[in-house]
Every structure is written in C-alpha cells, then in structure tokens.
Amino acid sequence: MIQKLPQAHGKTAFVNARLLDPTTGLDAKGGVLTDGEFIAEVGAGLFEDGVPEDAAIVDCQGQCLAPGLVDMRIQISGKDFDNVGASAVAGGVTTAVCQPNTTPVVDDRSVVEFIARAARRAGLTKVYPYGALTKELKGQELAEMGLLSNSGALGFTDGTLAVPNARTMAQALSYASTYGLMLIQHPEEPTLAEEGVMNEGETATRLGLTGIPKEAELIIIERDLRLAEMTGGRLHFAHVSTAESLDLIRAAKDKGISVTCDTAPPYFALNETAVGDYRTFAKLTPPLRAEADREAIIVGLKDGTIDAIASDHTPKSEDMKRLPFADAAYGGLGMETLLAITLELVHNGHLNLLEALGLITQHPAELLGLSAGRLKAGAAADFIVFDAERGWKVTEQVLISKAKNTPFDGRPVQGRVLKTIIDGRLVFDLDG
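Each residue of the sequence shown is one higher than the one before, counting from 342 in the working numbering.
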C-alpha cells in the first residue's frame with residue numbers, strides 16, 4: 342500500500358472525482374491532470390472532451406479529491422522518517438511540521454537541514470521543522486531564531502514545554518515582531534501542572550489521580566496575550582482545550598492582537614471520561630477536559646476562533662504506555678485518524694465538508710506560509726482521494742505506525758483515505 346517511487350514523469354489524469362477545494366469553495370464533479378510533479382489542470386468538467394492521449398488514467402470512481410492534509414504539529418520519535426512518512430501518507434498528510442524536541446534539539450541550523458534531507462530521503466510526506474524558541478528548550482536564552490528561520494524553520498516553539506519566563510517570552514515576541522516570525526506556545530503553566538496527570542475534577546478525584554487545573558492553561562494564555570499586545574509579536578497557541586481559553590482568544594482577536602490557535606481531535610471528540618479505567622492511551626498533554634469544554638471547542642471551530650486542527654501525533658513505545666497511569670508517557674498517535682475524526686464534525690452536523698477540510702488543509706498552510714493545501718494549476722501535485730462515508734474501526738491491526746498508542750483505539754469512524762499523491766507520485770493506495 343505504501344509506495345516509495347522515484348520522481349514522477351509524464352501526465353496522469355485523475356478522472357471522475359468530486360473535487361473539493363476550501364480555498365476556492367470548489368465542490369463539483371471534475372478531474373485533475375498532473376504533469377510530473379505539478380498540477381497542470383484542475384476543474385469541473387475537465388476531461389469532458391476526453392483525456393490527453395499521452396496521459397495515464399486513474400478513475401476516482403466518484404470519490405472525493407481534495408488537497409493533501411497539512412498537519413501543523415507532529416513529534417518525531419528517533420530518526421525513523423520512514424515510519425513517520427508511512428503513517429502520514431496513510432492518513433492523507435502530505436505536509437507535516439515537527440516539533441523541535443527531537444534528538445538533538447532543533448536549535449541549530451544543521452538540525453533543520455538534517456530533517457529536510459531525511460524527509461526527502463524517505464520520499465513520502467514533506468516534513469518541515471519548527472525551531473526551538475529557547476536554547477535546548479530550557480526556557481531561558483533565546484535560540485538563534487533568525488538563522489533557524491533562514492534555514493527553513495517555519496516557526497518557533499519549545500514544543501510541549503511552555504516558556505515559563507515572562508521576560509524571555511516578551512523578548513522573543515519583540516524579536517518575532519521585527520522579522521515576521523510566528524511563535525507557538527504550549528499553554529500550560531509548568532508549576533501548576535507538574536504534579537498532575539489528568540484534568541482536575543470529579544473524575545480525577547474518583548480515580549485517585551492528581552489533577553491539572555484548567556487555570557494552568559489560562560494563566561499562560563492571559564500572560565502571553567498581554568505580552569503580544571505589548572510587543573506586537575505574532576503568537577499562536579497550540580491545542581487549546583478549555584472554554585475559558587477560547588473566551589480569552591476570542592476577545593483578543595476582537596481587540597486586534599495578532600493571535601491564532603489550533604486544537605487537536607481529542608479535544609473535540611473525547612472528554613475526560615475517556616480515561617475510563619486508567620486508560621493510558623488517553624493520557625495527553627493538555628489533558629482531556631470536561632464535556633462542557635469539549636462542546637466549547639466545537640463552538641470555537643464553528644465560529645472561527647480556532648484557526649486550524651493539528652494531529653498532535655505523538656508516537657510512544659508500548660514500554661512507555663503500558664505503565665500505571667501516573668507513570669505512563671503523555672501523547673497519542675494522530676495522523677492516521679486526523680481526517681476521520683475531523684469528518685465527525687461533518688457527520689454530526691457541526692460543519693460542512695469544505696469547512697472541515699479547510700481546517701486541515703488551507704488554514705494551517707496559510708498560518709505556516711506554505712503554498713500547500715490547495716488545488717491549483719502550477720502547484721505541487723499533493724492531494725488525496727478519500728471516501729467520506731466509508732466506515733472502519735481504529736485498531737492496532739489497521740494502523741500503519743509502529744507505535745499503537747491512539748486515544749481513539751477501538752473507535753468506529755467514518756471516512757477513509759484511499760489514495761495519497763505527493764509531487765505527482767501515488768505514495769499510498771489503500772486498495773492497491
């Protein structure tokens with residue numbers, strides 16, 4: 342199913358498709374003609390007069406054809422780019438951005454360049470890095486953001502660590518405002534969260550687990566919004582998870598502060614009860630919240646307060662997850678379920694199909710300044726064919742990733758990637 346092919350040559354006509362492009366509002370029957378690595382033509386009614394004689398033909402059989410997914414936050418475990426790429430293309434992710442908490446940390450331009458080379462060698466999903474906001478992710482001294490940006494870093498963050506020092510964050514935002522850089526903050530005040538393992542509340546009390554109060558998220562968001570207003574820096578909050586967080590961000594946007602945010606599927610599809618009987622696959626950072634927060638996240642997606650959905654893909658070994666809940670590692674897989682869980686917003690009537698796709702294609706691409714996430718003549722031929730209605734069950738047998746720690750383990754879902762095309766190459770074919 343996974344195919345690592347050489348550079349694409351010649352023309353291929355993807356016929357009989359339902360074209361979906363959030364950037365233009367396109368939702369019509371049509372096709373795409375690729376020529377080598379690029380889209381040559383796209384549109385409704387394309388091929389009505391026939392397919393070019395020199396083109397190979399792929400019949401999409403009436404299924405959806407949309408831009409490849411742009412995942413603005415994944416973690417790479419070790420240097421296994423083949424495994425990361427295979428998991429990504431199976432989920433329809435054609436572009437992904439990795440956190441800087443790799444080994445070594447992405448605080449040096451040589452590491453930025455290594456990641457780009459390693460992803461190219463893997464020949465699957467395009468992977469870009471974020472640069473570290475502070476050296477060694479220690480939250481004190483700023484990394485060389487200018488050099489890292491020139492080398493290809495798309496933004497700056499300390500990954501799953503908040504920058505605890507307000508002065509350091511203010512300096513970073515001030516620098517970012519000068520050079521047009523985006524800072525991404527993991528909003529969790531470390532001293533409030535350090536002893537906790539799940540959301541603070543009745544469920545944590547019943548299970549005898551130490552809770553993380555939602556104020557840990559709110560304190561950092563409130564502080565950084567004030568710093569962004571003071572400096573004019575561009576600020577993005579990762580995986581917001583509470584209703585009050587959205588209230589703060591919504592008000593800041595109304596005020597004209599340069600702030601954006603994203604969330605991840607667990608925060609609109611699950612709540613804290615998913616921890617159940619100490620299910621460590623549901624141990625995430627930030628923690629799964631209360632039902633009222635989950636519902637507020639959906640409202641935030643509908644009204645545009647939340648700009649994008651990221652997978653938060655965090656593979657962990659069985660040894661790191663098969664432990665008592667308090668000792669288990671944080672994180673869950675996300676790329677292979679990103680489309681299907683996002684489509685639940687459509688199936689449940691919260692968003693239409695183009696709105697949902699925009700959150701995982703167009704919007705993250707625009708935030709990152711990438712030309713991906715659209716169907717356009719002359720653009721890279723990065724797109725997917727998917728069946729929005731096809732049902733399947735998330736199990737470890739189905740997942741491509743070597744790690745199996747998904748919080749959606751055992752969940753029936755609806756919507757499946759059938760084909761993934763990157764630079765004109767068919768790199769994933771579910772039924773092929």
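Positions of the beta carbon are idealized from the N, C-alpha and C atoms, including for glycine.
Open item on the list: Considering Cα atoms alone, identify which of F724, A667 and K760 is closest to I553.
Closed with: A667
- [ ] With distances taken Cα to Cα, identify the nearest neighbour of E378 among K717, K745, D750 and L495.
- [x] Of K717, K745, D750 and L495, the residue nearest in Cα terms is K717.
- [ ] Specify, as a first and last residue, the run of the beta strand (DSSP E) that E382 falls within.
- [x] F379 to A385
TODO: Could you tell me the distance, in whole angstroms, from the CA atom of T683 to the CA atom of F622?
DONE: 19 Å
- [ ] With a threshold of 16 other CB atoms inside 10 Å of the CB of N612, please say whether the residue is buried or exposed.
- [x] buried
- [ ] Return the CA-CA distance between E530 and A637, expressed in angstroms with no decimal places.
- [x] 21 Å
TODO: Specify the secondary structure class of F609 as computed by DSSP and reduced to three states.
DONE: helix
- [ ] Work out the CA separation of D390 and L495 for me, nearest whole Å.
- [x] 42 Å
Open item on the list: For G403 and K370, I'd like the C-alpha separation in whole angstroms.
Closed with: The straight-line gap separating the alpha-carbon atoms of G403 and K370 is approximately 8 Å.
Task: Residue span of the beta strand (DSSP E) that contains D368, given as start and end - done: L367 to D376
- [ ] Decide if Y644 is buried, meaning its Cβ has at least 16 other Cβ atoms within 10 Å, or exposed.
- [x] Per the sequence shown, residue 644 should be read as Asp rather than Tyr. The residue in question, D644, is exposed, as its Cβ has fewer than 16 Cβ neighbours within 10 Å.
Open item on the list: In the DSSP output, which residue or residues are listed as bridge partners for H577?
Closed with: I525 and T601
TODO: Please name the residue, chosen from H691, L694 and D723, that lies closest to A706 on a Cα-to-Cα basis.
DONE: D723
Task: Neighbour-count burial assignment, T532, 16 or more Cβ in a 10 Å radius - done: exposed
- [ ] Tell me whether the beta-carbon of E558 lies closer than 8 Å to the beta-carbon of T583.
- [x] yes
- [ ] Out of I456, A463 and A720, point me to the one whose CA is closest to Y471's CA.
- [x] For Y471, the nearest C-alpha among the options comes from I456.
TODO: Ignore the nearest five residues each way along the sequence and tell me which others in Y608's own chain have a CB closer than 6 Å to its CB.
DONE: S582 and I638
Task: K734, buried or exposed, once every other Cβ within 10 Å from all chains shown has been counted against 16 - done: exposed
Task: Extent of the continuous alpha helix (DSSP H) to which T409 belongs - done: According to the sequence shown, residue 409 is Gly rather than Thr. No alpha helix (DSSP H) holds G409; DSSP gives it neither H nor E.
Task: Reduced DSSP secondary structure (H/G/I, E/B, other) of P665 - done: In the structure shown, P665 sits in coil (DSSP, three-state: anything other than H, G, I, E or B).
- [ ] List the whole-angstrom C-beta distance separating L474 from A513, where the pair is believed to meet the contact cut-off of C-beta under 8 Å.
- [x] Between A513 and L474 the Cβ distance is about 6 Å, and since that is below 8 Å, they are a contact.
- [ ] Tell me, please, which residues DSSP counts as bridged to C439.
- [x] I415 and P470
Task: Cβ-Cβ separation, G672 to T655 (assumed contact under 8 Å), whole Å - done: Going by Cβ atoms, the distance from T655 to G672 rounds to 3 Å, so yes, they are a contact pair.
TODO: Note the first and the last residue of the continuous beta strand (DSSP E) segment covering L360.
DONE: K352 to D362
- [ ] Compute every distance between the C-beta of F422 and the non-hydrogen atoms of the ligand ZN, then say whether any falls below 7 Å.
- [x] Of the ligands one can find in the structure shown there are none, so the ligand ZN has no counterpart to examine.
TODO: Could you tell me if V739 is buried or exposed, where buried requires 16 or more neighbouring beta carbons within 10 angstroms of its beta carbon?
DONE: Exposed.
- [ ] Scan the stretch 485-509 and note each continuous alpha helix (DSSP H) run of 4 residues or more that stays entirely inside, going in chain order.
- [x] 486-492
TODO: List the endpoints of the continuous beta strand (DSSP E) containing F724.
DONE: F724 to K734
Open item on the list: Just to confirm the assignment, what range does the beta strand (DSSP E) spanning K760 have?
Closed with: P753 to I763
Task: Enclosing beta strand (DSSP E) for R766 [first to last residue] - done: R766 to D770
Task: Short Cβ contact (8 Å threshold) for C522 with S492 - done: A small correction: the amino acid at residue 522 is Leu; Cys does not occupy that position in the sequence shown. No, the pair does not count as a contact, with Cβ atoms beyond the cut-off.
Task: Cβ contact (3+ pairs, closer than 8 Å) linking the stretch 591-602 and the stretch 572-579 - done: yes
TODO: Give me the Cα-Cα distance between T614 and P627, rounded to the nearest whole angstrom.
DONE: About 15 Å.
TODO: Express the C-alpha separation of L708 and Y516 in angstroms, rounding to a whole number.
DONE: 18 Å
Task: CA nearest to the CA of R620, picked from A463, A545 and F497 - done: A545
Task: Beta-carbon proximity of S518 to M676, cut-off 8 Å - done: no
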